[in-house]
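Okay, so here's the structure we're looking at.
Protein chains: 2
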Amino acid sequence: MDELVAGKIPEPPSVAAWPNTAAEAAAAAGDGDALELVELFFFAYRDFVGDADRLLENYGFGRAHHRVLHFVNRRPGLTIAALLDILKITKQSLNRVLKQLLEAGFVEARAGVVDRRQRLLYPTPKGATLARDLAALQSARFRTVMDELPPAARGAASKFLFAMIDSGERERVRAHLACAKTAGAAT
Amino acid sequence: MDELVAGKIPEPPSVAAWPNTAAEAAAAAGDGDALELVELFFFAYRDFVGDADRLLENYGFGRAHHRVLHFVNRRPGLTIAALLDILKITKQSLNRVLKQLLEAGFVEARAGVVDRRQRLLYPTPKGATLARDLAALQSARFRTVMDELPPAARGAASKFLFAMIDSGERERVRAHLACAKTAGAAT
DNA sequence: TATTTACGTCAACTATATTGACATAAATCT
DNA sequence: AGATTTATGTCAATATAGTTGACGTAAATA
């Protein structure tokens with residue numbers, strides 16, 4: 003009967019009567035530059051994840067699978083608890099996608115040596131390949147960006163992103179990066 | 003019966019036998035720095051949207067509502083088609099959240115003057131307030147970040163984010179930002 | 001032995017998205 | 001004026017990713 007909320011759609015716009023412009027919102031929020039950054043961040047992330055999404059479709063996987071595979075590949079031997087802490091989702095939610103990755107042979111679980119209750123997660127060769135392909139797509143974007151940027155701005159990107167992380171989380175992220183790095187160096 | 007895929011969970015890890023380390027993945031992908039940026043971007047976005055999510059809960063809204071309200075507030079008089087193009091979702095998907103925003107009185111739709119088929123979207127005063135509060139939260143994060151960063155790195159952030167956007171989309175984004183800016187300047 | 005920990009699982013539910021088909025009113029073309 | 005296209009709304013079915021809550025089990029620990 004009535005379409006949406008407005009039955010016969012109200013009267014003309016009378017734009018001049020509208021005081022809530024972007025400039026006012028920006029002024030109230032502090033400054034317009036920060037607002038612009040908010041939108042740029044949204045668009046940048048949208049396109050950034052788009053790359054991987056297209057590849058994942060070929061495997062019948064989604065972003066959730068990507069995140070799990072990525073961190074398992076990045077940090078082989080990861081426990082379930084550590085993964086939950088990184089992803090900040092519930093175990094039930096993780097379990098559904100993890101189960102599919104295990105069944106499809108992209109990830110393997112092995113009992114912990116020190117604590118046999120733990121399930122240590124490892125990528126299979128197949129899983130490592132997919133993880134590498136996905137990572138290649140996304141780091142290719144970063145490399146292109148770095149090439150486009152003036153050299154002086156290049157180092158700023160990682161400093162900027164790191165500063166964007168909750169201060170309480172930064173140490174954990176730093177530890178994760180370091181751990182992944184030494185795991186690689188040890189080979 | 004059998005838990006997950008592995009019945010009685012296989013044998014010990016034998017870490018040394020695992021060749022798929024982070025370093026190898028990074029090497030294959032090009033370089034480790036780019037991989038690190040990929041992860042930093044993930045963590046930064048996760049925390050960035052978390053701010054707004056917490057505020058939205060009080061209103062029973064989710065991220066989808068936030069995005070709609072944000073762009074309507076940022077660019078008053080936006081048409082449905084323009085919004086769909088920005089969000090890159092289907093009209094059915096947009097309609098559900100838009101309907102809720104209209105019913106709850108955060109957004110108003112008015113018939114277009116030039117083309118009465120179009121529904122021009124405007125924030126109500128209430129909607130503008132919420133949009134401003136959400137934007138304030140997120141731009142506050144950016145302002146804090148800018149304060150933490152060396153002055154030389156500050157300008158680099160927006161250049162970096164802009165470069166992260168698909169090249170085919172950049173002109174549209176530039177136009178959107180300019181439009182939002184002049185909409186404000188006109189008041 | 002009792003308890004805690006690390007994990008798995010079933011079930012019901014929510015939010016956000018999709019595809020496909022169809023409806024309507026206004027604009028535009030012939 | 002009549003036919004077509006455009007802008008939008010709507011119904012229905014489905015997928016993905018997440019949630020809470022309750023319960024189960026094996027291994028570690030007090």
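In order, the protein sequence lines correspond to chains S and G.
As numbered in the working numbering, residues 3 to 189 make up the first sequence, in order.
As numbered in the working numbering, residues 3 to 189 make up the second sequence, in order.
C-beta atoms are modelled at their ideal positions from N, C-alpha and C, and glycine is treated no differently.
Everything numeric in this text was worked out from a predicted model, so none of it was measured.
- Between V109 (chain S) and the set S:P127, S:E171, S:E173, S:V51, the nearest pair of CA atoms involves S:P127.
- At a beta-carbon threshold of 7 Å, none of the residues of chain S lie near Y61 (chain G); the nearest stands roughly 17 Å away.
- Of the residues S:I88, S:D55, S:I82, the one whose Cα lies closest to the Cα of L42 (chain G) is S:I88.
- If you ignore the 5 residues before and after L139 (chain S), its C-beta comes within less than 8 Å of the C-beta of D53, A54, L57, all in its own chain and listed in chain order.
- Interface residue (Cβ-Cβ distance to chain G less than 7 Å): R145 (chain S) is classified as such.
- Annotation for L151 (chain S): no beta strand (DSSP E) segment contains it, and DSSP assigns it neither H nor E.
- Contact between the region 151-158 of chain G and the region 146-163 of chain S is present, with at least three C-beta pairs closer than 8 Å.
- What E171 (chain G) touches in chain S, judged by beta-carbon distance under 8 Å, is F45, D49, going in chain order.
- A133 (chain G) places its beta carbon less than 7 Å from that of L71 (chain G).
- Secondary structure at V116 (chain G): coil, using DSSP grouped into helix, strand and coil.
- Interface flag for V109 (chain S) against chain G is unset, since no Cβ pair is found closer than 7 Å.
- For R112 (chain G), the number of other beta carbons within 10 angstroms of its own is at least 16, and it is reported as buried.
- A137 (chain S) is positioned such that its CB atom lies closer than 7 Å to that of L37 (chain G).
- Residue pairing for L123 (chain G): DSSP places it in a beta bridge opposite G:L80, G:A111.
- For G64 (chain G), the secondary structure class from DSSP, reduced to helix, strand or coil, is coil.
- For Y124 (chain G), same chain residues with a beta-carbon under 6 Å away, outside a window of 5 residues either side, are P78, E110 in chain order.
- Looking from the CA of F144 (chain S), the closest CA among G:D168, G:C181, G:L103 belongs to G:D168.
- Using a Cβ-Cβ cut-off of 7 Å, S141 (chain G) counts as an interface residue toward chain S, since at least one Cβ of chain S sits closer than that to its own.
- With respect to L163 (chain S), A177 (chain G) sits apart: the two C-beta atoms are not nearer than 7 Å.
- Rounded to whole angstroms, the separation of the alpha carbons of A165 (chain G) and H68 (chain G) is 24 Å.
- A106 (chain S) carries a coil assignment under DSSP once its states are collapsed to helix, strand and coil.
- Here the alpha carbons of A130 (chain S) and G114 (chain S) stand approximately 21 Å from one another.
- Just measuring C-alpha positions, the residue of G:F44, G:V51, G:A142, G:L103 sitting nearest G62 (chain G) is G:L103.
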